[in-house]
Amino acid sequence: MASLSIITAPDPRLKVKSELVETVDGATRELMDGMLETMYRAPGIGLSAVQVGVPKCVITIDISRDDEPNQPLYLVNPRIVRFSEEIALYNEGCLSLPEQFADIERPEGITVEHLDYHGEPQSLEADGLLSRCIQHEMDHLTGVLFVDHLSSVKRGMILRKLSKARRQEEIA
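Reading the sequence shown from the start, the letters are residues 233 to 404 in the working numbering.
Laid out in C-alpha cells, this is it:
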C-alpha cells in the first residue's frame, strides 16, 4: 500500500471516536502496512488509523532508534488494563500537530491487551517511551489530542498556530 496522508489539526476528523475492528483481515493488514510506511516517512514513532482518515481502533508504533533494526508494533482494539501509580512528565509531539510540543503527564507504565498483526490476542507490559507512545496513540482513538491535556490557553495558542500555518499553505 502506498503512503497515506496524515490529517492535521484542527481538522474535525481527528475528534471522531474510532470503531472496534471486527476481524483482522487482509484489508486491516493493508491499512497497518500503509500506516507503518506513512509513519516511517513522516518520520514518527506512532500513528493511529484516525490520523489517516480511518476511524478504526488500529495503531502502529516503532520506537527503535535509527541505528537499530525496525521493530514495528501493531495494536488492534487496544485496551489498557493496568496503569502504574508512578506519573512521568514528557515532552510530546504529534504528526497531526506538526512542530508543536508540550510537556504532558501520563502514567509511567501500563499493561495493554490487543490483537496483533495476525489477529492474535496479546498482552504487553510497557513503560517509558513505549508506554507514553501507546497512551498517546490510544487517546487518538477516542478523539483526544495531546493538546487536550493542556490548559485552554496553551491549547488555543497551539491550535491558532496550526490554523495560521494551514491558511498560509493554502495561499501559497
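Every residue, glycine too, gets a C-beta built ideally from N, C-alpha and C. On a predicted model such as this, the values are computed, not experimentally measured, just so you know.
Item, Value
"Please state whether the Cβ-Cβ distance between V351 and T255 is less than 8 Å.", "Val is not the amino acid found at residue 351; the sequence shown has Gly there. Taking 8 Å as the Cβ cut-off, G351 and T255 qualify as a contacting pair."
"Buried or exposed: R314, going by 16 or more other Cβ atoms within 10 Å of its Cβ?", "exposed"
"Locate the beta strand (DSSP E) running through T343, then write down its first and last residues.", "G341 to L347"
"Near Q283, which residues of its chain fall below 8 Å by C-beta distance, leaving aside the five closest residues on each side in sequence?", "I238, I239, L246, L327, S328 and H372"
"For A358, which three-state DSSP category applies?", "strand"
"Does the separation of the CB atoms of L307 and H346 fall below 8 Å?", "yes"
"Let's test the definition: count the other Cβ atoms within 10 Å of the Cβ of P244 and tell me whether it reaches 16, buried, or not, exposed.", "exposed"
"For I277, name the three-state secondary structure that DSSP assigns.", "coil"
"Please tell me whether A281 and S250 are closer than 8 Å, where the distance is taken between their beta carbons.", "yes"
"What is the rounded straight-line gap between the Cα of L305 and the Cα of D299?", "18 Å"
"Could you name the residues of the same chain whose beta carbon sits closer than 6 Å to that of L268, not counting the 5 residues immediately before and after it, in chain order?", "T292 and P304"
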